[in-house]
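Beneath this line is the structure, given in structure tokens, with notes to follow.
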Amino acid sequence: MTARKPDVHIMIDALLSQNRLPRAVQDKAAKLILKLKNDPGANGINFESIEGARDRHMKSARIDQGHRAIVYDRGGALIVLWMDKHDDAYRWARDRIIGVNPLTASVQVTDMSLVEASPAGPAPETVENPRFADYSDANLIAVGVPEALLPAIRAIRTDEELEANKPGIPADAYDALICLAAGYSVEETLEELERTMASNISTDDFAAALKTPESQRSFWFIEDDQELQKVLEEPLEFWRIFLHPSQRKLVNWQWNGPVLVRGGAGTGKTVVAMHRARYSASRLITAKDALGKVLFTTFTSNLAADVKANLINLCSQEEIDRIEVMHLDGWVTDFLRRQGYQREILYGDDPRQTDAWDAAFRAHGKDIGLSLEFLRDEWRQVVQANGISDMSGYLRVQRTGRGTSIDRKTKEKVWAVFAAYRARLDEEELSEPEDAYRHAREILQAKPALLPYRAIVVDEAQDLGPEAFRLIAGIAPKADGTAAPDSLFIVGDAHQRIYGRRASMSKCGINVRGRSRKLRICYRTSDEIRRFAEAIIQGVTVDDLDDSTDDLKGYRSLFHGPRPDIVITSSPEAEISALVEWIERCKADGIEESEICVLARTNDLVKAAADGLKALGFKVNLLARKKADDRAKSGLRLGTMHRAKGLEFAAIAIVDINDGVVPPRWLVDAAPDAAIRRQVIEAEKALLHVSATRAKKRLFVATSDRPSDLLGSPVGGARARAGGCMMPDVFTDLSMADSASLQRARREKGIPIRCSNGPRIWFVFSDNELHLRHAPLMIEAPSKLAGCPILAKAGNAS
Numbered sequence: 001m002t003a004r005k006p007d008v009h010i011m012i013d014a015l016l017s018q019n020r021l022p023r024a025v026q027d028k029a030a031k032l033i034l035k036l037k038n039d040p041g042a043n044g045i046n047f048e049s050i051e052g053a054r055d056r057h058m059k060s061a062r063i064d065q066g067h068r069a070i071v072y073d074r075g076g077a078l079i080v081l082w083m084d085k086h087d088d089a090y091r092w093a094r095d096r097i098i099g100v101n102p103l104t105a106s107v108q109v110t111d112m113s114l115v116e117a118s119p120a121g122p123a124p125e126t127v128e129n130p131r132f133a134d135y136s137d138a139n140l141i142a143v144g145v146p147e148a149l150l151p152a153i154r155a156i157r158t159d160e161e162l163e164a165n166k167p168g169i170p171a172d173a174y175d176a177l178i179c180l181a182a183g184y185s186v187e188e189t190l191e192e193l194e195r196t197m198a199s200n201i202s203t204d205d206f207a208a209a210l211k212t213p214e215s216q217r218s219f220w221f222i223e224d225d226q227e228l229q230k231v232l233e234e235p236l237e238f239w240r241i242f243l244h245p246s247q248r249k250l251v252n253w254q255w256n257g258p259v260l261v262r263g264g265a266g267t268g269k270t271v272v273a274m275h276r277a278r279y280s281a282s283r284l285i286t287a288k289d290a291l292g293k294v295l296f297t298t299f300t301s302n303l304a305a306d307v308k309a310n311l312i313n314l315c316s317q318e319e320i321d322r323i324e325v326m327h328l329d330g331w332v333t334d335f336l337r338r339q340g341y342q343r344e345i346l347y348g349d350d351p352r353q354t355d356a357w358d359a360a361f362r363a364h365g366k367d368i369g370l371s372l373e374f375l376r377d378e379w380r381q382v383v384q385a386n387g388i389s390d391m392s393g394y395l396r397v398q399r400t401g402r403g404t405s406i407d408r409k410t411k412e413k414v415w416a417v418f419a420a421y422r423a424r425l426d427e428e429e430l431s432e433p434e435d436a437y438r439h440a441r442e443i444l445q446a447k448p449a450l451l452p453y454r455a456i457v458v459d460e461a462q463d464l465g466p467e468a469f470r471l472i473a474g475i476a477p478k479a480d481g482t483a484a485p486d487s488l489f490i491v492g493d494a495h496q497r498i499y500g501r502r503a504s505m506s507k508c509g510i511n512v513r514g515r516s517r518k519l520r521i522c523y524r525t526s527d528e529i530r531r532f533a534e535a536i537i538q539g540v541t542v543d544d545l546d547d548s549t550d551d552l553k554g555y556r557s558l559f560h561g562p563r564p565d566i567v568i569t570s571s572p573e574a575e576i577s578a579l580v581e582w583i584e585r586c587k588a589d590g591i592e593e594s595e596i597c598v599l600a601r602t603n604d605l606v607k608a609a610a611d612g613l614k615a616l617g618f619k620v621n622l623l624a625r626k627k628a629d630d631r632a633k634s635g636l637r638l639g640t641m642h643r644a645k646g647l648e649f650a651a652i653a654i655v656d657i658n659d660g661v662v663p664p665r666w667l668v669d670a671a672p673d674a675a676i677r678r679q680v681i682e683a684e685k686a687l688l689h690v691s692a693t694r695a696k697k698r699l700f701v702a703t704s705d706r707p708s709d710l711l712g713s714p715v716g717g718a719r720a721r722a723g724g725c726m727m728p729d730v731f732t733d734l735s736m737a738d739s740a741s742l743q744r745a746r747r748e749k750g751i752p753i754r755c756s757n758g759p760r761i762w763f764v765f766s767d768n769e770l771h772l773r774h775a776p777l778m779i780e781a782p783s784k785l786a787g788c789p790i791l792a793k794a795g796n797a798s
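See the structure below:
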């Protein structure tokens, strides 16, 4: 009888370590893993025991003469854990033990050297209290911390120490400790991480434990050679194969109606949506539903292109053939064209639309006392949003949230303008997008069997308006007149609403009551960048895409990084110089140019930045509309802040965040009342928030003139925010400083100041004196300080 071939798994750390090997060694490692998967007993795989290893199941396998893979052989499973140089691989393996957590059935890899490194006995009084002193051993064990690791966890005193110990702490336990450190209770931590008791799996059943959702957070079961080859050969994208248990549950759960997933930037909403689309497609294939399709839709064509490119990487060819990816405007246009719709749909700013408004206003609006800008906003926010088609409907509608009140008599005059505008569009056979949505919905109501979709996935739902949601409700397959089970999966975050549209899903026929979930753990962005971005939108009240409000309470990142750099300069030339210096620092830290993206508010500013960088010898790639970015191409990326929606980069630079640029002065000045002006400013805050959260590791924000008010005060703009959130250091070009700006800088205690055209010395103002804090570069001679222009103005320096 032939022995059963063991299941082969790869730990996420193994892929990380493989990615750091030389390219030629990576290829050899890939061949070894393929051989392990297909024939672990083949000649040439030399398993060797590791002398001195704490865990007897640890083995090594030869990659080449100088490199080894660490493989764990236990219970009918092989796990590739780590790949490195021979001695380093053995060193990694000796102190690690692997066990099954008795509460969660998670397979956990623990570095026992952390326990030996933890100090014995009570800490000196001058040292900070232990970080987890408020939690008992039972609490820590309950959230998944291995009992053997408790002494090391008890010794941790700061968030920085916790992160430094991350490589040796099991991933699921580390997630729980992050939640506790953020102030979650034990119960809230268990709920947030979707932790459940797993008493049905024995701690001795190692193969079964590897299949639990908690283990799949860190271990990937290799089932398909083609998928394995793709993972090993293409750029590392962990989201394709590793999902957090809370994400996996959302993806694989069978819902009895529409579901809404909310969460801050970087929590993995789009990843969950893409995996849900794949899951739905695979179910159609399993069910042999030959005609069934999954529709993945979103608001912008740019994001649809990016999602389609990612789904091609994620899915098999059979699965991708079942998924239709299209932004909603494009879908409506194609659908109506197939139905013989004759009208032209006006997307964006069209001069014919402007002419129609001007004519209607000249004929009926001059004596109303309301501006044309106000009337156009009233049309969009009240008439079109509520699907109003006649004056009686307009007279009855509630204008909640509108800043300017209108009496009944004025409403009648306003409707005359609206009616004239509508008549002009009808005469020229033109439609606005909201009209097109409405017409498509009416066709679907008359012919409900037109569409092949068995499931709809909606991304970035916060940017959709009421008519869009009503249409989506109409597209979704029905059961007894309402959305069928598993038919509608929606993700969004109102904090990222950058197009000003608002809608209540329940009022649009989509009921998610009892099926709304929220992601709070940020996987993409460092905690320093997250706090900066969150501070930008502090005080902005947002909805939950339904009838309640939302907040970012408990939103927390899993890792730390450098503080964002805020650079305030006096000219475009000084700004580009600071940008180049920052880019070079990123590259020195190992960040490739293709992982650095420069953003600006307008196309003209993007072009100016691109021209400046090209003149200095950089290769640049502009992020194109409706086309996914090819990361295989070398060079910096540049694009508008709007284009960056849905993307992520290791390092993001946002330039020209000047007064009058963000937000655009003309847009603020054109706002006809305070309520609309507030909406404009809040949308710009959301745009800056979205742009900042595209960064994973490093963020650079620069001005070439007076800074935007969205960044805070012009000089020394770092200041404490509510909740103890401190804005990042502000480095200011003080070569143009006058006495007033210096006085402002002096009032900002402890703010670093950098002199751009002197030696690279960092100073802080404190108690009206200029103090040298530290010098990143060696000062060869004190006389070089004479090149610092601020010293002549500061007077008293130490």
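The sequence shown begins at 1 in UniProt numbering and counts up by one. Ideal placement from N, C-alpha and C gives every residue a C-beta, glycine not left out.
- Proximity to C179 across K553, R470, A423 and A304 peaks at K553, based on C-alpha coordinates.
- R513 is classed as exposed because its beta carbon has fewer than 16 other beta carbons within 10 Å across all chains shown.
- In this structure, L464 sits away from V261, with a CB-CB distance that is not shorter than 8 Å.
- Contact between V397 and I406 is ruled out by a C-beta separation of about 11 Å, above the 8 Å threshold.
- When DSSP states are grouped into helix, strand and coil, N621 belongs to the strand group.
- If one requires a minimum length of 3 residues, the beta strand (DSSP E) runs lying completely within the segment 634–679 are 636–640 and 649–654, in chain order.
- When rounded, the separation of the alpha-carbon atoms in R501 and Q462 is 7 Å.
- Scanning T354, T404, Q342 and A363 for the CA closest to the CA of L370 turns up T404.
- Shown here for E595: same chain residues with a beta carbon closer than 6 Å to its own, the five before and five after excluded, namely F649 and A650 in chain order.
- For H244, no pairing in a beta bridge is given by DSSP.
- Listed in chain order, the beta strand (DSSP E) runs fully inside the segment 546–607 are 565–568 and 596–600, counting runs of at least 3 residues.
- By the CB criterion at 8 Å, E434 and Q381 fall outside the cutoff.
- For D84, the uninterrupted beta strand (DSSP E) segment begins and ends at A77 to K85.
- According to the DSSP assignment, I222 belongs to no alpha helix (DSSP H), since it is labelled neither H nor E.
- For the 8 Å CB-CB criterion, S506 and D547 form a contact.
- Taking the Cβ atoms as the reference, W82 lies roughly 18 Å from D172, outside the contact range of under 8 Å.
- Looking at the DSSP output, Q108 shares a beta bridge with G99.
- The Cβ atoms of I536 and A692 sit closer than 8 Å to each other.
- When DSSP assignments are scanned along the segment 385–412, no uninterrupted stretch of beta strand (DSSP E) that is 3 or more residues long falls wholly within it.
- Nearest to V542 by alpha-carbon distance, out of D88, A494, F618 and R556, is A494.
- Within the same chain, Cβ atoms closer than 7 Å to the Cβ of W255 are found at P485, D486 and R515, the five residues on either side in sequence being excluded.
- Residues of the same chain with a CB within less than 6 Å of the CB of A420, apart from the 5 flanking positions on each side, are A360, A363 and H364 in chain order.
- For a cut-off of 8 Å, the C-beta gap from R424 to A503 is around 27 Å, too long to register as a contact.
- Between the beta-carbon of R524 and that of K696 there is about 5 Å, and that keeps the pair under the 8 Å contact cut.
- If you draw a straight line from the Cα of G509 to the Cα of T569, it is about 51 Å long.
- Excluding five sequence positions before and after L314, the CB atoms of its chain that fall closer than 8 Å to its own CB belong to R240, M274, H275 and R278, given in chain order.
- Comparing C-alpha distances from I521 to each of T640, A265, S202 and R62 shows the shortest one belongs to A265.
- Rounded to whole angstroms, the Cβ separation of I498 and A686 is 5 Å, and the two are in contact under 8 Å.
- About 12 Å separates the CB atoms of E528 and R556; that is not less than 8 Å, and the two are not in contact.
- Within its own chain, the residues whose Cβ lies closer than 8 Å to the Cβ of P146, once the five positions on either side in sequence are excluded, are G99, N101, Q108, T110, P170 and A173, listed in chain order.
- T298 and D459 do touch by the CB rule: their CB atoms are close to 4 Å apart, below 8 Å.
- In the DSSP annotation of this structure, T298 is not part of any alpha helix (DSSP H), being labelled neither H nor E.
- Between T640 and A600, the CB-CB gap stays under 8 Å.
- The C-beta distance from S704 to D659 rounds to 11 Å, too long to fall under 8 Å, and the pair is not in contact.
- Collapsing the DSSP output to three states places K37 in a helix.
- Remark: C-beta atoms of A138 and E214 do not approach each other more closely than 8 Å.
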